[in-house]
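Chemist:
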Amino acid sequence: MKKIVLVDMDGPLVDFESGFLASWRKTFPSEFFLPVEQRTTRYVNQEYPARLNEKIESVKSAEGFFVGLPPLEAGINAVREMGALGFRVFVCTTAIYNSKTCLVEKKYWLEKYLGPDFAKNAIFTKDKTVIKGQYLIDDALEITGEVTPEWEHVLYDQPFNRTITDRPRLKIDWSNWKEVITS
Ligand SMILES: [Mg+2]
């Protein structure tokens, strides 16, 4: 049986932070902003003044935002290579619940960069623990839910998750994926 690799979208495949910043600057050019390399937390609103929360939400829920986010080429290439080497890769992601566009635009995004099969097989859930697989590549610090997961968490490196040292870490450029995802 092929090994199943689950891959999170925002972080490992989608450059959410650069995409957000570009839309933010375009929509609110005179507002406060933080360059991506100065970000140290997982969510934008943790580092932007609280008064900007509504504006941040309006950018994230704007039509065309998710489908317009830039791809991480290294992740796209690695996922394609995994498939060629005999792994079965499923994208496993969470869609923003109160966004009318997020879920459908994420599917369009997958179709655009990885093809229709990835879009059709994408798994959308808030609870990734119930999904089966050998590995989950994800940049989230702790992934909890209904059950103890079967998969091993491979932590996709980000400035905000470097305090976690108890699990395999995939480099931002994916260069060590063959060391952490083994057949
Ligand atoms: Mg993520």
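The numbering of the sequence shown is the numbering used here, which starts it at 637 and goes up by one. Just so it is clear, CB atoms sit at the ideal spot from N, CA and C, and this is done for glycine as well. Keep in mind that this is a model prediction, so the values were computed, not measured.
#1: Mind checking whether Asp763 and Glu782 have CB atoms under 7 Å apart?
#2: With distances taken from CA atoms, which of Val727, Phe796, Ala731 is nearest Ile773?
#3: Taking only heavy atoms of ligand 1 into account, decide whether any of them is closer than 6 Å to the Cβ of Asp775.
#4: Should Gly769 be listed as close to ligand 1, given that the test is whether its C-beta is under 6 Å from any heavy atom?
#5: If you draw a straight line from the C-alpha of Tyr749 to the C-alpha of Glu717, how long is it?
#6: Going by DSSP, what residue range makes up the alpha helix (DSSP H) through Asp753?
#7: Quick one: residues in its chain with C-beta nearer than 7 Å to the C-beta of Ile800, no 5 flanking neighbours on either side, listed in chain order?
#8: Using three-state DSSP, classify Arg805 as helix, strand or coil.
#9: Taking only runs of the alpha helix (DSSP H) that begin and end inside the stretch 702 to 766, which ones reach a length of at least 4 residues, in chain order?
#10: Is Asp763 near ligand 1, in the sense that its beta carbon is under 6 Å from a heavy atom of that ligand?
Modeler: Walking through what the data contain:
#1: yes
#2: Val727
#3: Within the cutoff, so yes.
#4: no
#5: 14 Å
#6: 752 to 757
#7: Leu777, Leu791
#8: strand
#9: 709 to 720, 738 to 750, 752 to 757
#10: no
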